[in-house]
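A.B. asks: So that we are looking at the same thing, I have put the structure below in structure tokens.
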Amino acid sequence: MQWIAKLFGSRDEETLPLYTAIVARAREPHWYEAGAVPDTIDGRFDMVATALSFVLLRLEDDPVAAGPSAKLTERFVEDMDGQLREIGIGDIVVGKHIGKMMSMLGGRLGAYRDSTTPAALDAALVRNLYRGTPPGPAALAHARDSLMSFRDSLAATPTASLLAGTMP
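With positions in the sequence shown counted from 1, the corresponding number in our numbering is that position plus 292.
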């Protein structure tokens with residue numbers, strides 16, 4: 293039945309509230325100001341991928357969220373596809389760019405999953421959020437502390453609330 297929905301343009305809207313909340317969280321000015329995330333296309337992608345990674349990692353803890361988690365990832369792919377086309381990337385290379393973005397998301401999931409200490413998260417952030425160029429210590433501390441707080445808040449938020457788009 294899902295192929296019929298795709299054929300006629302109907303989209304699954306289950307994850308839209310959560311994805312919208314993730315993007316809103318990633319666009320909060322403090323990431324770019326106090327956190328020194330570059331306010332560029334790449335920097336904004338990195339911040340969305342980081343916020344999405346933390347949410348996906350939280351959803352991994354709940355077997356009920358497996359389906360919505362997959363749909364959330366599909367929504368991310370659709371969004372990135374649209375963003376690439378909007379900035380003028382042609383049909384021929386969009387797939388290659390999407391493949392690279394998905395690989396980057398997978399790398400972030402692994403890095404953030406393994407970041408159980410502040411020092412490990414710092415290293416993961418420098419590598420993934422700042423693409424190897426460390427910001428100043430205060431900016432890195434801001435990003436790390438904000439993300440650790442976000443992770444803790446996500447852990448305390450019921451899955452149903454998250455899926456409804458209630459972002460801590």
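Where is the CB? At the ideal position from N, CA and C, for every residue including glycine.
For a test of the three-state rule: what should DSSP assign to residue 305, helix, strand or coil?
C.D. replies: Counted from its first residue, the sequence shown places residue 305 at position 13. Correct three-state label for residue 305: coil.
A.B. asks: Check whether the Cβ atoms of residue 318 and residue 358 sit closer than 9 Å, and answer yes or no.
C.D. replies: As a working mapping, residue 318 is identified with position 26 in the sequence shown. As a working mapping, residue 358 is identified with position 66 in the sequence shown. Their beta carbons are not under 9 Å apart, which means residue 318 does not touch residue 358 by this criterion.
A.B. asks: Is the Cβ-Cβ distance between residue 346 and residue 372 less than 9 Å?
C.D. replies: For the purposes of this step, residue 346 is taken as residue 54 along the sequence shown, with counting starting at 1. For the purposes of this step, residue 372 is taken as residue 80 along the sequence shown, with counting starting at 1. For residue 346 and residue 372, no; Cβs fall outside 9 Å.
A.B. asks: Do residue 315 and residue 323 have their C-beta atoms within less than 9 Å of each other?
C.D. replies: Counting from one through the sequence shown, the residue named residue 315 turns up at place 23. Counting from one through the sequence shown, the residue named residue 323 turns up at place 31. Cβ atoms of residue 315 and residue 323: not closer than 9 Å.
A.B. asks: Taking residue 445 as part of the alpha helix (DSSP H), name the residues at either end of that continuous run.
C.D. replies: Here residue 445 is taken as the residue at index 153 of the sequence shown, counted from 1. Residue 445 -> alpha helix (DSSP H) spans 429 to 448.
A.B. asks: Grouping DSSP H, G and I as helix and E and B as strand, with all else coil, what is residue 421?
C.D. replies: In the sequence shown, counting from the first residue as 1, residue 421 sits at position 129. Looking at residue 421 - three-state DSSP - the assignment turns out to be coil, as it is neither helix nor strand.
A.B. asks: For residue 432 versus residue 414, is the C-beta distance shorter than 9 Å?
C.D. replies: Locating residue 432 in the sequence shown gives position 140, where the first residue counts as 1. Locating residue 414 in the sequence shown gives position 122, where the first residue counts as 1. A contact, by the Cβ cut-off of 9 Å.
A.B. asks: Could you round the C-beta distance between residue 459 and residue 313 to whole angstroms and report it? I think they count as a contact, below 8 Å.
C.D. replies: To locate residue 459, count along the sequence shown from 1; it is residue 167. To locate residue 313, count along the sequence shown from 1; it is residue 21. Yes, residue 459 and residue 313 are in contact; Cβ-Cβ is about 4 Å, under 8 Å.
A.B. asks: Along the alpha helix (DSSP H) that carries residue 319, what are the first and last residues, could you check?
C.D. replies: The sequence position of residue 319 within the sequence shown is 27, counting from 1. Premise fails: residue 319 is in no alpha helix (DSSP H) and is neither H nor E.
A.B. asks: Can you check which of these residues, 451, 454, 416, is closest to residue 397 by C-alpha distance?
C.D. replies: For this step, residue 397 is matched to residue 105 along the sequence shown. Measuring from the Cα of residue 397, the nearest candidate turns out to be 416.
A.B. asks: Along the alpha helix (DSSP H) that carries residue 451, what are the first and last residues, could you check?
C.D. replies: Position 159 of the sequence shown, counted from the start, is the residue given in the question as residue 451. Unbroken alpha helix (DSSP H) run through residue 451: 451 to 455.
A.B. asks: According to DSSP, simplified to helix, strand and coil, what is residue 327?
C.D. replies: One-based indexing of the sequence shown puts residue 327 at position 35. Here residue 327 sits in coil by DSSP.
A.B. asks: Reducing DSSP to helix, strand and coil, say where residue 295 ends up.
C.D. replies: As a working mapping, residue 295 is identified with position 3 in the sequence shown. Low confidence applies here, because residue 295 scores a pLDDT of 46, under 50, leaving its location unreliable; read the following figure in that light. Residue state, collapsed to three classes: helix.
A.B. asks: May I have the straight-line CA-CA distance separating residue 406 from residue 436, to the nearest angstrom?
C.D. replies: Counting from 1 along the sequence shown, the entry for residue 406 is found at position 114. Counting from 1 along the sequence shown, the entry for residue 436 is found at position 144. Looking at the two C-alpha atoms, the distance is approximately 14 Å.
A.B. asks: Leaving aside the five residues before and after residue 404 along the sequence, list all residues of the same chain whose C-beta is less than 7 Å from its C-beta, in chain order.
C.D. replies: As a first step, residue 404 must be located in the sequence shown, where it is residue number 112. Closer than 7 Å at Cβ, skipping near neighbours: 345, 346, 349, 416.
A.B. asks: According to DSSP, is residue 355 part of a helix, a strand, or is it coil?
C.D. replies: In the sequence shown, residue 355 corresponds to position 63, counting from 1. Three-state result, residue 355: helix.
A.B. asks: Leaving aside the five residues before and after residue 412 along the sequence, list all residues of the same chain whose C-beta is less than 8 Å from its C-beta, in chain order.
C.D. replies: For the purposes of this step, residue 412 is taken as the residue at position 120 of the sequence shown. Excluding sequence neighbours, residue 412 sits near 406.
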